[in-house]
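Peer 1: Once you've had a glance at the structure underneath, I'll fire off some questions.
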Amino acid sequence: MNIQDNYLKNKKNIFFSENKDIQTHREKLINIFENDKFDKKNNESLKNINLKNFIDFKYKYLIPEETSVINNNQDNSYSIVSVNGQCSSFKDDKIEITKILDEDYNDFSKNDTIEHNDHFVNLNSLFLNCGFKIVIKKNNNIKIKISNIITDDDLTIFQKNNYICEEGSSLNLIEEYENKNNSTSNVLNVIKLEKNSQLNHFLIQDNSPNHNLIITSHSSCKKDSTFNQKVYNFSEGYVRNFHYSELMETNSEADLQGIFFLKDNNISNNKTFVKHLAEDCKSNQVYKGILNDRSKATYFSNTHVDQAAQKTEGYQLSKGILLSDNASYFSKPELKIYADDVKCSHGSTIGPIDENAIFYLRSRGMSKIAATKILISSFINEELSSIDNEQMSEIIQKKLVRYLSKVK
Amino acid sequence: MNSETLNTLDSYSKNKYKYGFVTEIDDEKPKKGLNEDTIKFISLKKNEPEWMLDWRLKAYSKWKKMKEPKWANLSFPEIDYQDIYYYSAPKGFEKKPKDLSEVDPKLIETYNKLGIPLEEQKVLAGVAVDVVFDSVSVATTYKGELEKLGIIFCSIGEAIQKHPDLIKKYLGSVIPPGDHSFSALNSAVFTDGSFVYIPEGVKCPIELSTYFRINAENTGQFERTLIIADKGSYVSYLEGCTAPKRDDNQLHAANVELIALEDAEIKYSTVQNWYPGDEDGKGGIYNFVTKRGLCAGKNSKISWTQVETGSAITWKYPSCILKGDNSIGEFYSVAITNNFQQADTGTKMTHIGKNTKSKIISKGISLGKSQNTYRGEVSFLRKADKARNYTQCDSLLVGNQCGAHTVPYIDSKNNTAVIEHEASTSKINEDQLYYCRQRGLSHEEAVSLIVNGFCKQVLQELPMEFAVEAQKLVSISLEGSVG
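Quick note, the sequences are listed as chains A and B, same order.
Using our numbering, the first residue of the first sequence is number 44, and each one after it goes up by one.
Using our numbering, the first residue of the second sequence is number 15, and each one after it goes up by one.
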């Protein structure tokens with residue numbers, strides 16, 4: 044079934060399909076799909092993807108019977124269980140959670156600083172069926188943990204979440220995606236950081252082989268704000284991590300980091316894109332990947348420095364280790380610079396584990412596998428040791444041990 | 015060059031009847047536009063055998079179905095292929111200046127800075143020279159020497175007549191006519207270019223250059239160069255010239271194919287300084303070049319060195335296909351863009367054989383309102399065991415209205431291959447500038463010194479005589495935009 048028929052058939056289950064304004068926007072999106080036809084040859088971001096799963100899919104969405112749970116623990120921490128992308132409303136003097144509204148949709152689709160040429164984000168806008176909005180009120184320091192649960196098999200979740208950190212606030216956000224059923228989630232996080240706010244965003248992804256996760260984030264940073272993101276991808280299913288960041292005002296920072304661990308026939312597509320639009324901003328993009336068996340990965344990183352963005356510092360680093368001769372890694376670290384007083388660099392390496400290092404360890408009596416495992420752990424040690432949350436650090440260590448146990 | 019030059023050229027071209035050049039060549043006048051008749055006309059003029067014509071027509075039929083590649087970071091008005099002459103425009107079609115006094119003084123100034131002898135200046139500026147130019151005798155001397163060694167060095171047209179076996183075997187073997195629209199276009203209508211064959215075990219004693227080839231003053235708009243280095247041979251080939259070159263053809267689409275067999279080495283150096291358009295970005299040459307080398311045999315080596323300072327648009331990716339085991343590909347590039355120039359240049363290293371190595375050093379300098387992009391692909395195929403690549407691309411920005419972009423594509427399908435890529439973008443270091451100024455250099459001299467240092471890694475790869483000129487050329491390219 045083509046996208047248009049699919050949309051028309053399921054229109055009644057899709058958010059905001061009554062709104063005229065949104066309707067016209069969606070018609071435009073359908074036109075884009077019709078014209079482009081997901082042309083794989085001229086679109087690198089579609090590399091390795093089995094498009095059939097995403098274009099020719101069976102739309103299915105269930106409104107969850109059990110409602111989500113919001114616990115307000117002590118010391119400003121909240122834990123949320125979101126079911127099928129839904130979250131019930133909640134309000135206290137520090138945070139406010141509501142359903143996503145028409146205006147949030149328009150706010151995103153009419154934002155011109157964002158490049159709207161990502162097919163999967165457009166699919167998300169077209170079939171939107173769930174999502175919520177969290178506002179962190181002024182000058183609060185909050186911790187939130189969100190577990191995303193999907194109740195049934197074969198669900199297609201198209202979720203849009205908005206996070207707004209008001210002036211002077213700080214949010215530690217941990218999101219867990221650990222699904223064991225055969226569903227597809229297409230999640231878009233729209234993040235707004237007001238003046239002097241901070242967001243530390245952790246994403247832990249550990250899905251079963253038949254679960255597809257497409258996660259995209261768009262963050263915009265105002266003056267003196269900081270956005271840190273760390274992605275840990277242990278999934279056995281397909282994962283697409285595309286994260287865009289716009290540094291709108293001076294002295295803002297974006298740090299996008301990720302690690303992915305792939306094995307079997309696993310595929311992972313990653314992208315980070317930082318747009319420097321104002322002076323004195325800093326950005327950092329670091330992705331590391333370990334690829335075993337027949338796995339495939341792509342990583343696109345992009346630093347765009349606008350003419351106005353003098354005194355920019357923008358760094359990129361991508362590193363990949365291929366453990367098997369059937370694995371493949373494609374990386375494209377891109378710099379687009381229109382200002383002259385900048386410090387920008389990128390580095391990219393792909394290769395096997397250093398043979399000399401293995402030799403050194405083996406000459407000290409270690410087996411080859413033990414040596415390999417130690418070197419993999421040290422490869423990502425920097426990213427793991429920087430986690431200041433003990434509980435999270437433990438979770439990730441466990442997952443790493445599980446991954447390493449399969450390495451032969 | 016500036017708008018003045020253009021005006022001068024314009025006024026000359028308008029005066030074409032005054033000297034009565036037109037009548038005698040009237041019957042040879044080719045028609046504008048591209049169709050099968052044009053190709054038949056070219057083939058007939060060149061007295062080509064039928065298989066060559068068939069080859070051209072096949073390429074043309076492919077071209078008809080193709081679109082221009084769009085991925086480059088360039089913007090230019092659409093090319094009207096039907097508004098172009100495909101057989102070199104006959105002499106007198108545009109009027110040439112009579113002597114050097116009629117040539118733009120700024121151009122002469124540049125020649126003097128480069129230290130080009132007077133006689134050569136005339137040729138470069140397009141002055142109608144009556145005296146037999148010295149290089150012809152030089153060329154004949156060398157030609158004898160080359161023939162003794164069994165080296166074939168002639169125009170591609172001559173090679174089609176005299177060495178059809180080699181042409182049939184190798185032409186289009188590295189760049190298939192259907193590769194992309196510019197290669198198809200070139201295959202259909204190419205009119206000039208060089209052919210080089212180095213026999214087994216021969217080391218070519220001199221640096222070959224079109225300059226030494228008789229009848230090569232008119233470098234064609236659609237050049238086709240084919241260089242074959244047989245087993246164990248070596249050749250160094252120079253293309254282009256440091257002097258700014260006047261040319262009336264706006265579209266250039268050259269194809270260069272290199273083939274290195276077992277243990278052979280080819281070194282290909284280019285200095286390109288075509289007319290870049292005036293200070294407002296008007297005019298200038300569109301340079302769409304496809305250059306590709308095939309390391310066919312074991313232990314072969316191909317090395318590309320380029321200094322790109324001219325052309326309004328440069329679209330050029332000299333690549334290496336490393337097919338033979340232990341083969342080596344190298345790419346050294348300096349690209350300087352000024353005013354409204356746009357350059358999208360880089361390389362493509364495809365590792366197929368075992369233990370293949372490649373090295374890429376690219377230096378981009380953007381000034382004025384120009385856009386300079388490095389675009390390079392390094393790919394390791396499944397069987398490229400122990401392959402190795404090192405890439406370094408640095409960009410330097412002078413002024414705040416230009417852009418420097420780096421777009422590397424890195425693809426590895428082999429877990430024993432190692433790939434390293436690093437890139438940086440910055441402006442000229444204030445401390446270095448301060449140091450130089452303190453020692454009494456002017457601002458312009460200081461910048462030129464620093465930029466030359468920035469490019470040194472590449473310039474030192476050029477053959478001796480080119481290297482000296484290229485250094486001067488770098489300084490000249492920076493003039494007027496620094497300070």
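Glycine included, each C-beta is placed from N, C-alpha and C at the ideal position.
#1: Just to confirm before moving on: does the CB-CB distance between ALA278(B) and TYR248(B) stay below 8 angstroms?
#2: Residues of chain A with a CB under 8 angstroms from the CB of ILE464(B): which are they?
#3: What does the Cβ neighbour count give for GLY97(B), buried or exposed, with the cut at 16 atoms within 10 Å?
#4: What distance in whole Å lies between the Cβ atoms of THR439(B) and ILE380(A), which are believed to be in contact at a cut-off of 8 angstroms?
#5: Give every residue of the same chain whose Cβ lies closer than 6 angstroms to the Cβ of PHE343(A), excluding the five residues on either side of it in the sequence, and list them in chain order.
#6: For ASN353(B), would you say it is in contact with chain A, using Cβ-to-Cβ distances shorter than 8 angstroms as the test?
#7: Am I right that ASN362(B) and ILE342(B) are in contact with their C-beta atoms under 8 angstroms? What's the rounded C-beta distance?
#8: So, helix, strand or coil for VAL465(B), using DSSP?
#9: Using the beta-carbon of each residue, which ones in chain B are nearer than 7 angstroms to LEU171(A)?
#10: Taking only beta carbons into account, state which residues of the region 262-291 of chain A come closer than 8 angstroms to chain B, listed in chain order.
#11: According to DSSP, simplified to helix, strand and coil, what is LYS442(A)?
#12: For VAL392(B), list the residues DSSP reports as bridge partners.
#13: Using C-beta distances below 7 angstroms, list every residue in its chain close to ASN53(A), excluding the 5 sequence neighbours before and after it, in chain order.
#14: Looking at chain B, which residues of the region 291-317 of chain A have a Cβ within less than 8 angstroms of any of its Cβ atoms?
#15: Listing by chain order, which chain A residues have their CB less than 7 angstroms from the CB of ASN428(B)?
#16: Please report whether the beta-carbon of PRO477(B) lies at a distance below 8 angstroms from any beta-carbon of chain A.
#17: What residues of chain A sit near VAL9(B), judged by a beta carbon separation below 9 angstroms?
#18: Helix, strand or coil, according to DSSP, for TRP288(B) in the structure here?
#19: List the residues of chain B that ILE393(A) touches, going by C-beta distances under 7 angstroms, in chain order.
#20: State the DSSP-derived secondary structure class of HIS159(A), mapped to helix, strand or coil.
#21: Suppose you measure from the CA of GLY367(A) to the CA of GLU433(A); what does that come to, to the nearest Å?
#22: From the beta carbon of LEU492(B), is the nearest beta carbon of chain A less than 8 angstroms away?
#23: Could you check where the beta strand (DSSP E) with GLU322(B) kicks off and where it finishes?
#24: One question on the structure: do VAL385(A) and THR355(A) come within less than 8 angstroms of each other, judged by their Cβ atoms?
#25: With burial defined as no fewer than 16 other Cβ atoms inside 10 Å of the residue's Cβ, what is the status of ALA173(B): buried or exposed?
#26: Output yes or no for whether 8 angstroms exceeds the beta carbon distance between SER240(A) and CYS208(A).
#27: Less than 8 angstroms between the C-beta atoms of LEU236(A) and SER262(A), yes or no?
#28: For ASN191(A), which residues does DSSP report across the bridge?
#29: Using a Cβ-Cβ cutoff of less than 6 angstroms, which residues in the same chain neighbour ILE187(A) once the five nearest sequence positions on both sides are dropped?
#30: Are any of the Cβ atoms in chain A nearer than 8 angstroms to that of ALA398(B)?
#31: Report buried or exposed for ARG238(B), applying the criterion of at least 16 other Cβ atoms within 10 angstroms of its Cβ.
#32: Considering Cα atoms alone, identify which of PRO290(B), ALA243(B), GLN264(B), VAL210(B) is closest to GLU253(B).
#33: Going by DSSP in three states, ALA86(B) sits in which element: helix, strand or coil?
#34: Contact check, LYS306(A) vs ASN91(A) under 8 angstroms by CB: the rounded distance?
#35: Buried or exposed: SER208(B), going by 16 or more other Cβ atoms within 10 Å of its Cβ?
#36: Below 7 angstroms CB to CB, which residues in the same chain sit around SER151(B) once its five sequence neighbours on both sides are set aside?
Peer 2: The short version:
#1: yes
#2: Around ILE464(B), no beta-carbon contact reaches into chain A at under 8 angstroms, the shortest distance being about 14 angstroms.
#3: According to the sequence provided, residue 97(B) is Asp. The question's Gly does not apply to it. With a 10 Å radius around the Cβ and a threshold of 16 neighbouring Cβ atoms, ASP97(B) comes out exposed.
#4: 5 angstroms
#5: LYS314, LYS375
#6: no
#7: Here residue 362(B) turns out to be Lys, not Asn, going by the sequence shown. LYS362(B) to ILE342(B), Cβ: 15 angstroms. No contact.
#8: helix
#9: Contact note: LEU171(A) does not reach chain B at a C-beta cutoff of 7 angstroms; the least C-beta distance is about 32 angstroms.
#10: Only those residues of the region 262-291 of chain A whose C-beta falls short of 8 angstroms from the nearest C-beta of chain B would be listed, and there are none.
#11: helix
#12: MET363(B), ILE424(B)
#13: TYR102
#14: none
#15: ASP368
#16: no
#17: A query on residue 9(B) cannot be resolved here, the shown segment of chain B reaching from 15 to 497 and no further.
#18: strand
#19: ILE424, SER426, ILE433
#20: coil
#21: Correcting the residue identity first, residue 367(A) is Ser in this sequence and not Gly. Straight-line Cα distance between these residues: approximately 33 angstroms.
#22: no
#23: Here the beta strand (DSSP E) through GLU322(B) covers 315-322.
#24: When the beta-carbon positions are compared, VAL385(A) and THR355(A) come within less than 8 angstroms of each other.
#25: The residue in question, ALA173(B), is buried, as its Cβ has 16 or more Cβ neighbours within 10 Å.
#26: yes
#27: yes
#28: SER125(A), TYR220(A)
#29: TYR121, LEU216
#30: no
#31: Classification for ARG238(B): buried.
#32: Here the closest residue by C-alpha is VAL210(B).
#33: Of the three classes helix, strand and coil, the one that applies to ALA86(B) here is coil, per DSSP.
#34: Actually they do not touch by this definition, with Cβ atoms about 15 angstroms apart.
#35: buried
#36: Low local confidence applies: a pLDDT of 39 at SER151(B) is under 50, so the model's placement there is unreliable, with the coordinate-based value given in what follows. Closer than 7 angstroms at the Cβ level, and outside the excluded window around SER151(B), lies no residue.
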